[in-house]
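I have placed the structure first, in the form of structure tokens, so that the comments after it can refer back to it.
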Amino acid sequence: MITKLDSMLLPRKKFIYHYKNVRWARGRHETYLCFVVKRRVGPDTLTFDFGHLRNRSGCHVELLFLRYLGALCPGLWGYGAAGEKRLSYSVTWFCSWSPCVNCSIQLCQFLNNTPNLRLRIFVSRLYFCDLEDSLEREGLRMLTKAGVRISVMSYKDYFYCWQKFVDCKKSNFKAWEELHQNSVRLTRKLNRILQAWDLEDLRDALKLLGF
DNA sequence: ATTTTCAAT
Ligand SMILES: [Zn+2]
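This is the structure:
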């Protein structure tokens with residue numbers, strides 16, 4: 001089990017402030033990304049590194065992560081001149097916001113060129129996804145088509161992040177009011193964006209049809 | 001609250 005120095009971990013208050021899945025997350029002006037990098041060797045995965053990043057000077061945190069990725073994943077681009085023998089990695093990230101359309105496009109391009117990298121995304125809140133025809137919604141669909149699984153964080157994900165990325169001083173994660181309701185609401189919204197049938201939607205549809 | 005959203009000073 002890899003562990004980090006306390007200084008490398010997120011302070012508790014900071015984690016709660018930025019990851020709280022409230023409907024109106026005003027005035028934060030920052031986005032955090034907690035990541036786990038695993039090496040894939042056949043059917044097995046080995047945790048290779050983990051940590052967190054924050055957006056810097058006009059650069060969204062997702063693109064900052066892509067810049068770091070070469071250093072995080074030795075051999076991702078292969079060893080020899082022809083770039084053969086690429087090593088396989090899986091990355092899971094937990095971001096306080098879902099990606100904007102620009103980041104989604106760049107991520108899709110990156111993943112297209114890097115089939116030996118698998119990406120799994122959890123988000124706390126949906127970024128600019130209110131309008132039916134928002135580009136951000138389209139970006140999330142593009143990512144899904146590129147093979148990225150995107151989910152809204154639920155209690156178990158906050159619980160995991162708390163013990164993995166936060167300087168929690170052995171304290172247990174304590175859910176805020178509305179964590180569950182907000183997570184369910186956002187999950188339904190994401191499901192609708194990704195055009196998946198949601199159980200509640202199905203119930204509504206059946207009721208409408210008189211069943 | 002008809003609230004905001006990876007700042008701009
Ligand atoms: Zn972005």
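Counting in full-length UniProt numbering, the first sequence runs without a single skipped number right up to 211 at its last residue. For every residue, glycine included, the Cβ atom is placed at its ideal position computed from N, Cα and C. These numbers were taken from a predicted model, which means no experiment stands behind them.
Out of curiosity, what's the CA-to-CA distance linking residue i and residue j?
i, j, result
"F143", "R185", "According to the sequence displayed, residue 143 carries Leu and not Phe. Near 21 Å, if we compare the C-alpha coordinates of R185 and L143."
"G70", "D204", "47 Å"
"N102", "Y127", "12 Å"
"F50", "L208", "47 Å"
"T52", "E200", "Note that residue 52 is His in the sequence shown here, rather than Thr. Those two C-alpha atoms are separated by around 35 Å."
"N55", "H29", "9 Å"
"P43", "P11", "35 Å"
"N21", "L179", "7 Å"
"W162", "Q109", "31 Å"
"R67", "G80", "21 Å"
Answer yes or no: the CB of residue i versus the heavy atoms of ligand 1, is any distance below 6 Å?
i, result
"C161", "no"
"C103", "yes"
"C34", "no"
"H180", "no"
"H60", "yes"
"V108", "Checking the sequence shown, residue 108 turns out to be Cys, not Val. It does not: the Cβ of C108 is nowhere closer than 6 Å to a heavy atom of ligand 1."
"C100", "yes"
Less than 7 Å between the beta carbons of residue i and residue j, yes or no?
i, j, result
"G78", "E84", "yes"
"S124", "Y19", "yes"
"F48", "V37", "yes"
"T31", "S96", "yes"
"S88", "N113", "no"
Take residue i as the anchor and find which of the options has the nearest alpha-carbon.
i, options, result
"F65", "L208, S104, R137", "S104"
"F15", "T45, F94, R118, P99", "F94"
"R23", "Q195, E177, G210, N116", "E177"
"R86", "R149, R39, Q181", "R39"
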